[in-house]
Amino acid sequence: MTERLGLTRRHFAAGLASLGFSGLGLAGPAYASALGPRLGAPVARVVTRRSPIKAEHPALDRRLQKDASIYLRDRISTGKGGYCELELVAGGVVRIGPNTTVLIDKFVGDIRFPKTVHLKVEAAGGVRYLPDPTPKLPPGFEPFRLSLETPLGTINGRASDLWVGRLDGSYTVYVNKGAAEVVNFAGSQTIDQSGLGIKLRDQAAAPPLPVPFRDRQLERIAASVAVPTGLEF
Numbered sequence: 056m057t058e059r060l061g062l063t064r065r066h067f068a069a070g071l072a073s074l075g076f077s078g079l080g081l082a083g084p085a086y087a088s089a090l091g092p093r094l095g096a097p098v099a100r101v102v103t104r105r106s107p108i109k110a111e112h113p114a115l116d117r118r119l120q121k122d123a124s125i126y127l128r129d130r131i132s133t134g135k136g137g138y139c140e141l142e143l144v145a146g147g148v149v150r151i152g153p154n155t156t157v158l159i160d161k162f163v164g165d166i167r168f169p170k171t172v173h174l175k176v177e178a179a180g181g182v183r184y185l186p187d188p189t190p191k192l193p194p195g196f197e198p199f200r201l202s203l204e205t206p207l208g209t210i211n212g213r214a215s216d217l218w219v220g221r222l223d224g225s226y227t228v229y230v231n232k233g234a235a236e237v238v239n240f241a242g243s244q245t246i247d248q249s250g251l252g253i254k255l256r257d258q259a260a261a262p263p264l265p266v267p268f269r270d271r272q273l274e275r276i277a278a279s280v281a282v283p284t285g286l287e288f
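In our numbering, the protein residues as written are 56 to 288.
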């Protein structure tokens with residue numbers, strides 16, 4: 056009886072492995088593919104990554120390998136030393152640095168040519184969006200508006216190179232190229248010049264004003280989403 060039970064357990068474990076389960080309860084790409092109808096259509100794929108990193112979804116929590124599909128309502132979390140770079144179906148790249156959590160919240164319109172892509176930055180770390188330098192859009196379409204929501208405000212940009220993360224203890228937005236609108240409970244402010252940023256203070260009495268950052272701060276911003284060496288594929 057004991058031997059039969061052991062054999063059954065081994066067969067069961069082998070079956071789980073064939074579906075992509077790990078001992079941590081996270082599923083691999085094979086099982087994600089099997090649950091495709093519940094996950095919906097992919098909105099992005101993993102270009103590069105480094106552990107620790109995971110994706111949590113109402114239908115399935117799973118490991119993220121290179122070329123893994125990303126879906127609406129995926130909550131992507133990186134730990135210390137983790138990194139993830141996503142290529143959106145709609146165009147552009149999202150870089151997620153260590154100790155960061157991003158929820159792929161919603162696409163307004165067709166996922167290939169959306170009007171708005173809304174991401175929630177629930178913990179940062181650092182997140183950078185790099186727009187597609189040569190977008191291929193149908194006649195009459197314009198680049199989508201990227202909306203990055205943080206606990207202290209929302210950043211809206213269109214075809215702009217943006218960074219959002221924590222700097223000097225405060226959620227901060229920096230516009231590397233292009234323009235952005237920053238909205239919080241105190242009002243809204245537009246950054247219409249590259250190379251400026253805004254710190255979203257907890258108790259701001261007025262809309263924050265964009266300012267240039269010191270070289271030391273810019274180095275920390277760049278380091279928060281730098282492509283690490285020794286990437287895992």
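Don't be surprised by glycine CBs; every beta carbon is placed ideally from N, CA and C.
Residues near Ser202 in its chain [Cβ-Cβ closer than 8 Å; skip 5 each side]
Cβ within range, chain order: Thr171, Val172, His173, Leu174, Thr209, Ile210 and Asn211.
Can you find the residues in the same chain that come closer than 8 Å, C-beta to C-beta, to Tyr126, ignoring five residues on each side of it along the sequence?
Within the same chain, Tyr126 has close Cβ partners Leu94, Gly95, Ala96, Pro97, Val98, His112 and Ile159.
Residue ranges of each beta strand (DSSP E) within the stretch 155 to 194, 3 or longer
Those beta strand (DSSP E) runs which fall completely within the stretch 155 to 194 and span 3+ residues are 156 to 163, 171 to 178 and 181 to 185.
Look up Ser225 in the DSSP assignment and say whether it is helix, strand or coil.
Strand at Ser225.
Please confirm whether Leu185 and Val157 have their CB atoms less than 7 Å apart.
Their beta carbons are not under 7 Å apart, which means Leu185 does not touch Val157 by this criterion.
Looking only at C-alpha atoms, which of Ser225, Lys121 and Ile151 sits nearest to Arg130?
Out of Ser225, Lys121 and Ile151, Ile151 has the C-alpha closest to the C-alpha of Arg130.
Determine the direct distance from the alpha carbon of Ser225 to that of Leu141, and round the result to whole angstroms.
Spanning the two alpha carbons is a distance of roughly 25 Å.
Would Thr227 and Lys191 qualify as a contact pair, given that the criterion is a beta-carbon distance under 7 Å?
No. Outside cutoff.
Under a three-way DSSP split, which group does Ser124 fall into?
Ser124: strand per DSSP, three-state reduction.
Straight-line Cα distance separating Asp122 from Pro169
When rounded, the distance between both Cα atoms is 22 Å.
Please classify Ser243 as buried or exposed, where buried requires at least 16 other C-beta atoms within 10 Å of its C-beta.
Burial call: exposed.
According to DSSP, is Ser8 helix, strand or coil?
The displayed coordinates of the chain run from 56 to 288. Any statement about residue 8 would go beyond what the structure contains.
Minimum C-alpha distance to Arg183 - residue among Gly164, Ile166 and Leu143:
Among Gly164, Ile166 and Leu143, the Cα nearest to that of Arg183 is on Leu143.
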